[in-house]
Amino acid sequence: MSKVYPDNNGRFGSFGGKFVPETLMYALEELEKSLTEAWEDSTFVEEYKHTLAEYAGRPTPLTYAERLTQKLGGAKIYLKREDLLHTGAHKLNNAVGQALLAKRMGKSKIVAETGAGQHGVATATVCARLGLECKVFMGEEDMRRQELNVFRMELLGAEVVPAVSGSKTLKDATNEAIRYWVANVEDTFYLIGSVVGPHPYPKMVRDFQRIIGDETKEQLQDKEGTLPDAAAACVGGGSNAIGMFYPFLEDEVELFGAEAAGKGISTKKHAATITKGTKGVIHGSLTYLIQDENGQIIEPYSISAGLDYPGIGPEHAYLAESGRVAYEGVTDKEALEALSLLTRAEGILPAIESAHALHLAFKKAKEMKEGQTIVICLSGRGDKDVNSIKEAMEKESKS
């Protein structure tokens, strides 16, 4: 399939676009122009690559999970180790790129939103390094679930602002961040953490995250002499997944996205935006989202703070509609079982977000032939989720 999307209007097929107040149109046009100029400037590109190599720790390893492969049977399982990136998740790739762009544009203040806290930590980290003022909006419920990451952001000098409306999670934090940006657009850069929002954000975040898939291609060629037969990643907004998938879109590689089915897609407690969603506008772009018959957002749910978002990046919506990528729901219980399996088989504690991809990939691997390969994007490490994992496992043992 062609990788030329988005078009000049920021559309991925019928998805994407710019659905924002008039006051933001100039800021988005300024951003698009600055982004194009930056990618054409070798100095900016070299600084981005140099920062990722010397500060962030790229390339991240591609680890063969030998014991897990032996245990499950079927395809050889490889893990793309974004959990080993500085700050512990793939989020830093994008934060570095956008923060360098903000500085190039003369913006001295950064506003961001975060769910699991990893994007907030990555943003606060880069702002500290570049001397930028940083404000991060975070749902009050997510602040409770991710207490350690709140402290990390504050330690790095960021102001963490609680979002107290709605379900007090990522959706509400994003609403507050957008409101703040509208009121302070002259000197503030909005550093979005996923492939969501109005054009050019989905394209910009994708292009800063595609390094995940680019490196995977090269590393698997070195190890196996071929491309993988399949690749899998978790999707909330979908930044790690699009980073992994995009370089493979024109190749014969099966691609799988795992979305949060929470307590089950037959219940109201899920965030399965593709499986159960319908077309609508959220946070500035047309995509799939979970909404009622009156167009009101249905509050999402997932054990993972990073996945309980009611929408999906517009490029993922396009890839789902075209059939190029297969998306399936994974429940909390299935994700925790996969997390436990990886931890005990390989000594790697993944983020709960990543555990959704693990479950789906394990299922696919068992259906594949020996000698075939499947790569899983391990988007982040699980230290931040230890309290949530403990709480869930204690509840399970009592039920």
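With this note's numbering applied, the sequence shown covers 191 to 589. The beta carbon of each residue, even a glycine, is placed where N, CA and C say it ideally should be. All values reported here derive from a predicted model rather than from experimental measurement.
Tell me where the alpha helix (DSSP H) around Glu344 begins and ends.
Glu337 to Leu345
Of the choices Gln308, Glu440, Ser298 and Leu360, whose alpha-carbon is the least far from that of Met328?
Leu360
Whose C-alpha, out of Met295, Asp522 and Leu225, is nearest the C-alpha of Met583?
Asp522
With 8 Å as the threshold, decide whether the Cβ of Gln336 is near any Cβ in chain B.
The structure shown contains no chain B, having only a single protein chain.
Assigned secondary structure, Gln481 (DSSP; H/G/I helix, E/B strand, else coil):
strand
Buried or exposed by the 16-neighbour rule on C-beta atoms within 10 Å, applied to Arg342
buried
Ends of the alpha helix (DSSP H) at Ala217?
Glu212 to Trp229
For Phe205, name the three-state secondary structure that DSSP assigns.
strand
Here's the rule I'm using: 16 or more other beta-carbon atoms within 10 Å means buried, otherwise exposed. How should Gly513 be labelled?
exposed
Among all the DSSP beta bridges, which residues are the ones paired with Gly570?
Ala279
For Ser204, count neighbouring Cβ atoms within 10 angstroms of its own Cβ and tell me buried if that reaches 16, exposed if not.
exposed
Within the continuous alpha helix (DSSP H) that includes Pro504, where are the two ends?
Pro504 to Ser512
Please state whether DSSP places Lys293 in a helix, a strand or coil.
helix
Rounded to whole angstroms, how far is the Cβ of Lys413 from the Cβ of Leu252, which I believe are closer than 8 Å?
7 Å
Run the CB neighbour count on Arg396, radius 10 Å, all protein chains shown included, and call it buried at 16 or more, exposed below.
buried
Can you tell me whether Met333 is buried or exposed, with buried defined as 16 or more other CB within 10 angstroms of its CB?
buried
Taking Pro249 as the reference, give the member of Arg201, Leu274 and Gly321 with the closest Cα.
Leu274
Going by beta carbon distance, what residues of the same chain come within less than 7 Å of Ala302, once the five residues before and after it are set aside?
His309, Gly310, Thr313, Val326, Ala367, Leu381 and Gly383
Considering Met434, what are the terminal residues of the alpha helix (DSSP H) in which it resides?
Ser429 to Phe435
To the nearest angstrom, how far is it from the Cα of Ala507 to the Cα of Glu449?
12 Å
Taking its Cβ as the centre, do 16 or more other Cβ atoms sit within 10 Å of His549, making it buried, or is it exposed?
buried
According to DSSP, simplified to helix, strand and coil, what is Arg400?
coil
Rounding to the nearest angstrom, what Cα-Cα distance links Ala289 and Cys317 in this structure?
7 Å
Assign Met558 to one of three DSSP states: helix, strand, or coil.
coil
Bridge partners - Glu303, DSSP secondary structure assignment:
Phe327
Helix, strand or coil at Ser384 [DSSP, three-state]
coil
So, with DSSP's three-state summary, where would you put Lys413?
helix
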